[in-house]
Structures are given as C-alpha cells and as structure tokens.
Amino acid sequence: MSDLVAVVEALLFVAAEPLSRGDLAVAAEADETAIDRALEELQDRLAGRRSGVVLDRVSGRYGLRAAAGPPAEAASRLQDRMPERGLSAAALETLAVIAYLQPVGRPEISRIRGVSSDAVVQGLIERGLIDEAGRGDSLGAPILYRTTGTFDRVFGLEGGTAGLAPLAGHDDADADALRDRLHELAALRD
Amino acid sequence: MSDLVAVVEALLFVAAEPLSRGDLAVAAEADETAIDRALEELQDRLAGRRSGVVLDRVSGRYGLRAAAGPPAEAASRLQDRMPERGLSAAALETLAVIAYLQPVGRPEISRIRGVSSDAVVQGLIERGLIDEAGRGDSLGAPILYRTTGTFDRVFGLEGGTAGLAPLAGHDDADADALRDRLHELAALRD
Amino acid sequence: MSRSALDLDLDLDAFSGPFDLLLALVLRSELELVEVPVLEIVLAYLGRLEEEQAIDLEAVSEFLVLVAALCELKSRLLVDADDDELEEVDADEAAAELAARLAEYQRFKQAAAGLAERKLAAGLRVFRAGRAPLAPPRPPAELVEEQPARLAEAMLLLLEPPAVLGEVVIRGRTVPVRPFVDRFRRLLRTRASFTFDEEVRGLSVAEHAAAFVALLELVKREEVQVRQASLFGEIGVTRSRVAGLVLRATVENVVAGDREAVA
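Chains A, B and C supply the protein sequences, listed in that same order. Under this note's numbering, residues 4 to 193 are what the first sequence spells out, in order. Under this note's numbering, residues 4 to 193 are what the second sequence spells out, in order. Under this note's numbering, residues 29 to 291 are what the third sequence spells out, in order.
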C-alpha cells in the first residue's frame with residue numbers, strides 16, 4: 004500500500020502535465036479507489052515532513068507544485084534567471100532558410116537542411132521570430148512560415164527582409180533560383 | 004536550515020534540467036556549502052521515507068528521478084516516448100560513434116557503420132539523446148551531432164561522457180585477421 | 029532451424045536446381061552469369077527466410093558474401109572489359125582497405141556493447157525532461173540582438189557545394205536526377221510550358237544528361253508532354269493533360285534525336 008504512494012509520487016513527478024485519477028490508475032496498474040487513498044496519503048506525507056512540493060488539484064487533475072513561501076519564491080527566481088540562450092546553429096540556419104525563401108513550409112525546410120526541423124521551427128514560433136502564413140499547395144498543404152516584426156527588430160532590419168545581406172556569389176539569385184539551388188545541393192548531400 | 008532543504012527540493016522539482024550547485028545557490032539565495040548540506044539532507048530524507056523520487060547526480064549537476072523499482076516502472080509506462088525505450092543495436096552503435104567522436108556528422112557515422120544512419124539519427128534526436136551541434140567543414144558541410152544531458156542521465160554518467168571507458172585502440176592484429184579472412188573468402192570463388 | 033544458403037532451391041529461366049550447383053556451373057563457365065537474374069536469387073532467399081522461425085546470422089552473412097561475389101563478377105562481365113579503372117583495383121589493396129574499415133567498426137561495436145552494459149547497470153532511469161507542469165510560466169525570453177550577417181553566413185554554408193571527390197575515389201562524380209524532376213515539376217506549377225534547352229543552358233554534360241533522364245521520367249509518369257519540331261530542334265515541355273500513344277511516339281523521336289545529338 005505504501006508502495007503505491009511512492010508510485011503515485013513518481014508518476015506526478017515525471018508527468019509533463021497534471022494527471023487524472025484514470026491516468027494514474029492505468030500507469031500504476033491499480034484501481035481508482037486505491038489511487039484516491041494513495042493521493043490522500045501522499046498529501047499528508049508531503050505536508051507532514053515540510054516538503055518543498057505540495058499536491059495540487061487543477062480541474063479534476065493532480066500535479067505537484069512548489070510549496071508556497073520560500074520554495075515557490077526560489078522556484079520563480081530560478082525561472083527568471085534561466086539564462087537567455089542565443090540562437091543555436093540549428094535555429095539560425097532554419098531562420099535563414101525562412102528569411103530568404105519565405106513563405107516556406109516545414110517539409111521543405113527539413114529537405115533543404117537534410118534533417119527534420121520540426122522542433123527547431125516550433126522553438127522559433129515560441130520565440131516569436133516566425134509565424135504562420137497560410138498553407139502551401141504542395142503535397143499535404145503544409146503550413147507555411149514567414150519571419151515576423153520581432154525578427155526584423157532582433158536582426159535590426161528596419162526595412163524588413165528586403166534588407167537581408169546579399170549572398171556573396173549568389174547576388175543575382177532571386178528566391179526561386181536560390182530555392183532550386185538549395186534543393187539540388189540537398190539532393191547531392193543525400 | 005530545514006527550510007533550505009524544502010527550497011532545494013522545490014528547485015530540483017521545477018527545473019527543466021539538472022542544476023549545478025551554483026544554480027541552486029543563486030536561486031535559493033544561499034551559499035554553496037549550505038547547498039551541499041541541504042542536498043545531503045534531502046537525499047537522506049527521500050531515502051528514509053521511501054519516497055517515489057531519488058536524488059540523481061549527473062555530470063556534476065543534480066536532478067530528481069523516479070526511484071528504482073515500481074515507481075520507475077510505473078513512470079516509464081506513463082512516458083510514451085521514453086528516451087531509452089527500444090534502443091536497438093543500431094541505435095546503440097550510432098550513439099557510441101557520436102559519444103566518442105562528437106561532434107560528428109552523419110556521413111562519418113554511416114562510413115564507420117557501413118550503412119546509412121539517417122533514420123537511426125532521427126530517432127535518437129526525437130528521443131532527446133542527441134542534438135545538433137552546428138555544421139562541419141568537411142564534404143558538403145554536414146550537420147554535426149553530440150550527445151545531450153538526457154543521454155548522460157539515461158546512461159547514469161555522473162561525470163558526463165568524459166566518464167566513458169576509453170575506446171579500444173587500433174588493433175593491427177584484428178585488421179590482419181580480418182584481411183586474411185577476406186582473402187580466404189576471395190579464394191573460395193577463384 | 030536455418031540452413032545454409034547453398035542448398036537454396038532455385039527455379040530460374042536459365043537454371044533450375046540448388047544454389048551451390050549454380051555457383052559451380054558459373055565458376056566453371058558452364059553457365060553464362062549474364063543470363064542469371066541475381067535479383068531472383070535474392071528474392072528466393074528472402075522467401076525462405078520468411079518461412080524460418082529465427083534468423084541465423086552466420087547463414088545470412090554467407091549468403092550476402094556469395095551474392096556480393098556474384099554481383100561483382102556479373103558487373104565485370106557487363107562493363108566493357110577494356111575499362112582500365114576496374115583493372116586498377118588491386119585485390120590486396122581492396123582487402124586491406126576493407127579490413128581496416130571492419131576493424132574500426134569493431135571498435136565502435138565494442139563501445140556500443142559497453143554502452144549497453146552501462147545502461148543495464150544504470151537501471152531504469154525515469155525523469156521529466158522539461159519543466160514541471162504547474163510551475164509558474166517562464167517570463168517571455170528576451171531576445172539578444174543579432175546580426176543579419178549571421179543569417180547570410182548560415183545560408184552560404186547551405187549553399188556550399190559538396191567538395192569534388194578527390195583522386196582517391198575512382199568512381200566518377202554522379203549527378204542525381206531527382207533535383208531536376210523536382211525543378212521541372214515546380215516550373216510547371218507556375219507556367220504551362222517551358223523550353224528544355226533554356227533550362228539546361230550552361231550546365232555540364234553530366235548535368236545535361238541527368239536533366240534529360242529526369243524529363244524522360246516525367247514523360248513516363250505521364251506528367252508532361254514533350255515536343256520537338258525538328259531533329260536537334262528545341263524541346264518544348266508542357267503540362268500533361270492526356271497521355272497516350274501519340275505521346276510515346278513523340279518521346280521516341282526525341283530520344284532518337286538526342287542520341288544522334290550526343291553522337
């Protein structure tokens with residue numbers, strides 16, 4: 004029985020989002036009544052030993068959170084000082100492809116870069132550097148992406164992407180020519 | 004003092020990745036010696052009350068993970084894309100090449116393994132065991148890969164990849180034996 | 029359990045019987061290897077593998093070595109015997125190179141086994157990758173100022189052509205057909221037609237040939253129609269609406285014309 008409390012604690016700890024009694028029951032291979040008892044006991048134990056985390060219930064789901072007071076304050080200091088990382092090489096390259104070819108979809112970005120770029124694109128969206136620009140007419144009608152005003156500001160492009168640096172040796176290439184060349188090279192790298 | 008243990012526990016709980024003593028000290032507004040004591044006490048407390056989580060030390064940083072046994076087993080059922088789940092022989096080989104040669108590109112990995120490694124590399128990225136580390140300056144500027152902190156955690160590398168056993172040296176005897184065997188095979192069809 | 033590849037029963041047009049007999053006949057030059065479809069041998073073997081419960085790596089390796097040898101012999105027969113390049117490949121050198129590679133691979137295979145052991149020793153390690161669900165939301169990340177030149181650098185790296193293969197590699201540089209297929213398709217998405225000659229102007233002979241193969245591929249898939257008014261004339265390419273015999277006849281003309289052009 005006390006084992007189930009440890010199991011529930013571990014489940015709540017590794018979960019990426021709050022869990023329902025059903026979720027807990029399935030993962031713990033226990034019935035929901037037992038889960039209810041384990042949740043109660045976990046709450047008591049955490050409170051009893053002045054733990055830094057407490058059990059919380061949010062719209063019928065359970066999760067752990069930093070206890071109010073010093074633990075929660077320290078946790079929010081930690082979040083605030085999360086070091087701001089510059090753009091990774093992968094992010095910069097993806098951004099370059101979007102900036103020079105926009106609008107462009109994820110399958111094409113991945114093809115040109117030679118590696119799946121879904122996570123990188125997602126990160127750029129979250130940072131507000133790119134956003135959606137309709138859907139393409141190629142297979143599967145992929146969502147297209149373009150750079151944003153935030154992008155212009157971060158890169159100091161007051162006149163928008165027209166102010167992007169020319170590419171040495173490809174000065175006269177328009178977006179289509181550039182695109183063709185990138186696809187050819189991607190195929191050569193295969 | 005016991006408050007600091009709760010603070011450290013909360014910090015380790017909310018953090019997205021393992022924290023250094025320095026990270027903990029800044030966020031907790033305490034000195035590192037106090038942090039060390041708090042970490043020790045936290046470890047004792049978690050162990051003493053059969054908690055579902057344990058303190059984990061990886062590459063000089065600290066994190067929490069599900070305790071071995073039923074808690075870890077239940078937690079792994081919960082995560083559908085476990086970093087370590089289904090590590091095939093091909094995945095392990097590819098990880099070995101990356102761990103020892105990082106940063107290293109796909110062409111080099113494929114050359115060593117003698118087969119295309121694209122799908123395996125993609126799978127390892129999705130599991131978070133490797134990530135991109137810029138582009139190399141060799142043939143075709145391939146994307147380079149390196150192992151991640153998740154890799155260190157999954158393989159229990161307290162000292163990071165530096166703690167891996169050294170790669171066996173070039174063994175000319177092996178190469179000679181292999182060459183003889185190839186000649187034998189060639190002779191079979193002469 | 030699994031059996032040697034040598035007793036694989038074959039039923040080919042040119043030969044019917046066990047694989048080892050086929051090998052013996054080929055080696056004694058009593059059977060023309062050119063007449064033996066290697067693919068069918070492979071398919072027959074795969075068929076047998078499917079029936080077997082477990083895969084015996086030794087037996088499979090043996091089969092691979094034998095089939096590789098057959099492929100090599102056959103390719104030597106098919107390629108012009110005067111080809112110097114093939115003659116230049118020294119068997120000792122090739123074996124030494126292969127052995128060195130296999131030895132290197134062995135080292136990493138050992139390392140992989142080491143990793144597997146370590147994993148076993150580490151046990152099941154489960155943790156959350158990412159922040160806690162109920163943690164206060166992270167403040168929006170402040171973006172560091174960036175230089176547009178870094179974007180251009182990243183782009184130029186992508187535009188870096190793969191280096192020309194060195195002399196060590198005997199194989200000639202190949203030009204892939206696929207980019208031309210993609211390129212022609214893209215062209216026809218925006219326009220109804222284009223002139224082949226204009227699209228390939230300035231390209232190398234090899235690229236020219238690859239582009240032409242790509243065009244043939246699109247014709248075969250009935251995606252485009254091609255027209256050539258006269259021998260050596262410009263080749264016009266239009267999006268295909270209907271496909272039929274007329275189209276194939278046209279292609280044959282084009283192929284004939286281009287062959288003469290090459291000659």
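Just so you know, even glycine gets a beta-carbon here, dropped at the ideal spot from N, CA and C. Everything numeric in this text was worked out from a predicted model, so none of it was measured.
Just how far apart, CA to CA, sit residue i and residue j?
i	j	result
Ser120/B	Arg109/A	22 angstroms
Phe16/A	Gly51/B	18 angstroms
Ala37/A	Pro74/B	15 angstroms
Val197/C	Pro145/A	For Val197/C, the pLDDT reaches just 33, beneath the cut-off of 50, and the residue's location in the model is therefore unreliable, leaving the point undetermined.
Leu246/C	Val93/C	37 angstroms
Val154/C	Glu12/A	13 angstroms
Val281/A	Val57/B	In this structure chain A extends from 4 to 193, so residue 281/A is not present and cannot be described.
Leu50/C	Leu77/C	20 angstroms
Arg184/A	Ser141/B	19 angstroms
Phe222/C	Ser268/C	12 angstroms
Leu36/C	Pro65/C	15 angstroms
Gly45/C	Leu231/C	51 angstroms
Val107/A	Gly137/A	10 angstroms
Asp39/B	Pro21/B	15 angstroms
Asp210/C	Asp26/A	47 angstroms
Ala176/A	Leu244/C	28 angstroms
When you compare the CB of residue i with every CB in chain A, is at least one pair closer than 8 angstroms?
i	result
Leu132/B	no
Arg53/B	yes
Leu42/B	no
Asp225/C	no
Arg153/C	no
Gly158/C	yes
Arg249/C	no
Ala150/C	no
Ala12/B	First, the amino acid is wrong: residue 12/B is Glu here, not Ala. Glu12/B counts as touching chain A.
I think residue i touches residue j, with their Cβ atoms under 8 angstroms apart; what is that distance to the nearest whole Å?
i	j	result
Ala237/C	Phe208/C	Between Phe208/C and Ala237/C the Cβ distance is about 10 angstroms, and since that is not below 8 angstroms, they are no contact.
Ala41/B	Leu7/B	4 angstroms
Ala19/A	Pro161/C	6 angstroms
Val265/C	Phe240/C	Going by Cβ atoms, the distance from Val265/C to Phe240/C rounds to 11 angstroms, so no, they are not a contact pair.
Ala9/B	Ser79/A	Not really, about 15 angstroms apart at Cβ, beyond 8 angstroms.
Glu174/C	Val157/A	5 angstroms
Leu95/B	Ala144/C	6 angstroms
Asp59/B	Arg48/B	Contact doesn't hold; Cβ gap of about 15 angstroms is too wide.
Leu59/C	Leu67/C	With a Cβ gap of about 17 angstroms, Leu59/C and Leu67/C do not count as contacting.
Gly143/B	Leu191/A	7 angstroms
His173/A	Arg114/A	Actually they do not touch by this definition, with Cβ atoms about 19 angstroms apart.
With a cut-off of 8 angstroms, does the C-beta of residue i fall near any C-beta of chain B?
i	result
Gly142/C	yes
Leu114/C	Low per-residue confidence applies at Leu114/C: pLDDT is 49, beneath 50, and the placement is therefore not dependable, though the value from the model is reported in the following sentence. With 8 angstroms as the cut-off, Leu114/C does not count as an interface residue toward chain B.
Pro21/A	no
Pro73/A	yes
Gln175/C	no
Glu60/C	no
Arg192/A	yes
Tyr133/C	yes
Can you name, in chain order, every residue of its own chain whose Cβ lies under 8 angstroms from the Cβ of residue i, other than the five neighbours on each side?
i	result
Thr97/A	Ile112, Arg116, Ser120, Val123, Val124, Leu127
Ala87/C	Ser30, Arg31, Ser32, Ala33
Leu167/A	Ala102, Tyr103, Leu160
Ile195/B	Only positions 4 to 193 of chain B appear in the structure, and residue 195/B is not among them; the question remains open.
Ala92/A	none
Leu38/C	Ser44, Gly45, Pro46, Phe47, Leu50, Glu68, Ile69, Ala72
Taking 7 angstroms as the cut-off, is the beta-carbon of residue i closer than that to any non-hydrogen atom of the ligand MG?
i	result
Leu185/A	The ligand MG is absent from the structure shown, which contains no ligands of any kind.
Closer than 6 angstroms by C-beta to residue i: which residues in its own chain qualify, once you throw out the five before and the five after it? Chain order, please.
i	result
Lys102/C	Leu61
Glu195/C	Confidence at Glu195/C is low in this model, with a pLDDT of 33, below 50, so the placement of that residue should be treated as unreliable; the coordinate-derived value is given next. None.
Ala180/A	none
Arg255/C	Gly264
Between the beta-carbon of residue i and the beta-carbon of residue j, is there less than 8 angstroms?
i	j	result
Ile69/C	Phe47/C	yes
Glu32/B	Arg24/B	no
Leu188/A	Leu187/C	yes
Leu152/C	Ala71/B	yes
Gln82/A	Ala163/C	yes
Give every residue of the same chain whose Cβ lies closer than 7 angstroms to the Cβ of residue i, excluding the five residues on either side of it in the sequence, and list them in chain order.
i	result
Ala30/B	Leu14
Gly131/A	Thr151, Thr153
Arg206/C	none
Leu40/C	Val64, Pro65, Glu68
At the 8 angstroms Cβ level, is residue i part of the contact set with chain C, yes or no?
i	result
Val123/A	no
Leu27/A	no
Thr153/B	yes
Gln46/B	no
Ala78/B	yes
Does residue i come within less than 8 angstroms of chain D when only Cβ atoms are used?
i	result
Tyr103/A	Among the protein chains in the structure shown, which are A, B and C, there is no chain D.
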